[in-house]
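A short worksheet on the structure shown next.
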Amino acid sequence: MRYHIDTIPVWDAFRAESECPLCDLRAKNEQDYLDAFLGASVMEPDVRMEVNAKGFCARHFSQMFDRKNRLGLALMTHTHLKESLSSLCAPAPQRTGLFGRRTAPAPAASTARGETCVLCERLDNTMNRYLYTVLHLWKTDEEFAQRLESSKGVCLPHYHRLTAMAAEALDPRRADQFLQMLERVERSNLDRLAQELEWFTLKFDYRNADKPWGTSRDAPERAINKLRGRCVGDTPPRDA
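Residue 72 is where the sequence shown starts when you use my numbering, and the numbers rise one by one after that.
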């Protein structure tokens with residue numbers, strides 16, 4: 072699959088030198104999508120049709136509810152509720168075959184069970200585009216390749232998504248080079264975090280009370296976010 076190249080936000084994210092620039096991009100886009108769904112797009116027919124068909128997951132419903140735009144949320148929820156009611160009242164799948172096995176559930180049934188989320192789908196598509204852009208920039212822009220190699224790496228979930236996409240988007244030789252580079256970066260930064268986290272724990276020993284914290288004061292948050300993707304701290308949580 073080919074993705075649209077979106078270099079400017081990727082460059083901006085990696086210039087910020089965070090523990091995971093891709094988590095930064097995801098958090099920003101998630102907030103933008105939440106605002107958009109509760110803003111003017113609530114009246115766009117194509118958006119309403121998609122929301123009616125798919126709805127939102129529990130977490131994104133909760134985040135929109137917290138934004139206090141009760142009218143916008145109520146408008147979308149009302150039509151999605153009616154769509155879900157229609158799906159719920161649809162005829163049950165017919166038994167087929169010798170042993171009476173039911174046919175596979177229709178997409179509408181998945182929606183009624185709360186298994187679809189239009190915002191999650193859009194966010195996932197956007198992140199795939201950014202992942203592809205990282206690979207494209209690494210391959211074509213020497214300055215970016217150096218920036219990536221000297222960065223703090225990415226969280227483990229995005230590390231695994233990057234390595235999977237490298238096999239899809241790069242030729243075997245370049246993919247192997249990218250994987251070796253990214254593994255070096257990741258190992259180095261995981262080791263750095265392990266040392267910072269250890270010093271955080273040692274600071275609770277009375278013998279170290281007067282010693283400087285260094286960079287360890289927020290080490291637990293950064294270590295958890297590195298392991299599972301951004302999920303704790305002052306920034307919006309994400310699914311792993």
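Think of the CB as a built atom: it goes at the ideal place given N, C-alpha and C, for glycine as much as any other residue.
None of these values were measured; they are calculated from a predicted model.
With a beta-carbon spacing of about 32 Å, residue 189 and residue 222 fall beyond the 8 Å limit used to define contacts.
A contact between stretches requires three or more CB pairs, one per stretch, nearer than 8 Å, and the stretch 115-128 fails this requirement with the stretch 288-297.
Secondary structure of residue 205 (DSSP, three-state): helix. In this structure, the alpha-carbon of residue 224 lies about 6 Å from that of residue 91. Beyond the five residues adjoining it in sequence on each side, residue 204 comes within less than 8 Å, by CB distance, of 74, 76, 77, 78, 81 in the same chain, given in chain order. Secondary structure at residue 103: helix, using DSSP grouped into helix, strand and coil. Excluding sequence positions up to five before and after residue 143, its CB lies within less than 6 Å of the CB of 109, 113, all in the same chain and listed in chain order. Taking 8 Å as the cut-off, the Cβ atoms of residue 228 and residue 293 do not count as close.
Taking a C-beta distance under 8 Å as the contact criterion, residue 245 and residue 210 qualify as a contact pair.
If the five residues before and after residue 140 are omitted, its C-beta is found closer than 7 Å to the C-beta atoms of 109, all from its own chain and listed in chain order. Proximity to residue 134 across 194, 156, 105, 154 peaks at 105, based on C-alpha coordinates. Counting only the Cα atoms, residue 230 lies some 16 Å from residue 218.
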